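Chemist: The structure is given below, and queries will be raised subsequently.
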Amino acid sequence: MHAARVVERQREGQHIYYRLASAGIFELFRVLQRVGKEQIAEVDRLVRLYYETPGELEPVSPAELRRRLHEDDVLVIDVRPEPEYEAGHLPGAINIPPHELERRLHALPRDREIVAYCRGPFCLFSVDAVRVLKAAGYRARRLTVGLPDWTSLGLPLATSSAGASPHAESPQ
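Read in order, the letters of the sequence shown are residues 1064 to 1235 in my numbering.
So, in structure tokens, the structure goes:
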């Protein structure tokens, strides 16, 4: 895929991080997601299981999240791996990868709703995070879109140097 210029890659130590090479590739990916959702029974089953469970995983739209961020009545957590968070994230979001969530629950506020997001509508990190948070008694929902979709809507991004610390232990 790299040779075909579908993805770009960046090496950091023993890890190689990949990202889509262009907005056009991202749009192709979105079309494939839509076709998959409409045509493939297995994807349809996944959507019903994880995304359309009434009341359990009620999503938050980008417009609602922007309004609530402006009102400062929500905490946003980015559940993607740290290097992805550092490359760009929603303004004010803190980074809590899935493998750290249970350990860091004690530092999360109980008086604010928590909105989790990850890579996109078929990424299950945010779904799993919401389930963990709800099981621990938190009010939690997931963002309907992932970071690439947020960006494609022309919404603002932050980087780890300009936004919240990826290791923030006590969100406000």
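Just so it is clear, CB atoms sit at the ideal spot from N, CA and C, and this is done for glycine as well. What you are looking at is a predicted structure, and each value in this text was computed from that prediction instead of being measured.
Would you call Val-1139 buried or exposed, if buried means 16 or more other Cβ atoms sit within 10 Å of its Cβ?
Modeler: Here residue 1139 is taken as the residue at index 76 of the sequence shown, counted from 1. Buried: at least 16 other Cβ atoms inside 10 Å.
Chemist: Sort Arg-1072, Ile-1177, Leu-1216 and Trp-1213 by Cα distance to Glu-1121 and report the nearest one.
Modeler: Taking the sequence shown and counting its residues from 1, the one referred to as residue 1121 is at position 58. Per the Cα distances, Ile-1177.
Chemist: Under the DSSP definition of a beta bridge, which residues are partnered with Gln-1073?
Modeler: For this step, residue 1073 is matched to residue 10 along the sequence shown. In DSSP, Gln-1073 forms a bridge with Tyr-1080.
Chemist: Give a yes or no on whether 7 Å exceeds the smallest Cβ distance from Gln-1096 to chain C.
Modeler: Absence of chain C from the displayed structure is noted, only one protein chain being present.
Chemist: Of the choices Gly-1151, Ala-1199 and Leu-1216, whose alpha-carbon is the least far from that of Val-1170?
Modeler: If you number the sequence shown from 1, residue 1170 lands on position 107. In the sequence as displayed, the identity of residue 1170 is Ala instead of Val. Nearest C-alpha to Ala-1170: Ala-1199.
Chemist: Assign Val-1098 to buried or exposed, taking buried as 16 or more other Cβ atoms, counted over all protein chains shown, within 10 Å of its Cβ.
Modeler: On the sequence shown, residue 1098 is found 35 positions in, with the first residue counted as 1. Counting Cβ neighbours within 10 Å, Val-1098 comes out exposed, since fewer than 16 surround it.
Chemist: Closest by CA to Ala-1203, which one among Leu-1218, Pro-1172, Ser-1223 and Ala-1221?
Modeler: Within the sequence shown, the letter at position 140 stands for residue 1203. With distances taken between Cα atoms, Ala-1203 lies closest to Pro-1172.
Chemist: Answer with buried or exposed for His-1152, where buried requires no fewer than 16 other C-beta atoms within 10 angstroms of its C-beta.
Modeler: Counted from its first residue, the sequence shown places residue 1152 at position 89. Buried, since its Cβ has 16 or more Cβ neighbours within 10 Å.
Chemist: Would you kindly check if the distance between the Cβ of Pro-1154 and the Cβ of Ala-1221 is under 7 Å?
Modeler: Sequence index remark: in the sequence shown, residue 1221 carries index 158 (1-based). Sequence index remark: in the sequence shown, residue 1154 carries index 91 (1-based). Yes, they are a contact pair.
Chemist: Looking at the structure shown, is Leu-1138 part of a helix, part of a strand, or coil, going by DSSP?
Modeler: The residue you call residue 1138 lines up with position 75 of the sequence shown. In this structure, Leu-1138 counts as strand in the three-state DSSP scheme.
Chemist: With distances taken Cα to Cα, identify the nearest neighbour of Pro-1160 among Arg-1131, Tyr-1201 and Tyr-1180.
Modeler: To locate residue 1160, count along the sequence shown from 1; it is residue 97. Ranking the options by Cα distance to Pro-1160, first place goes to Tyr-1180.
Chemist: What does DSSP give as the partner residues of His-1152 in its beta bridges?
Modeler: Here residue 1152 refers to the residue found at position 89 of the sequence shown. Residue pairing of His-1152 in beta bridges, as defined by DSSP: Ala-1221.
Chemist: Helix, strand or coil: how does DSSP classify Ile-1088 here?
Modeler: As a first step, residue 1088 is located in the sequence shown; it is residue number 25 there, counting from the start. Ile-1088 falls in the helix class under three-state DSSP.
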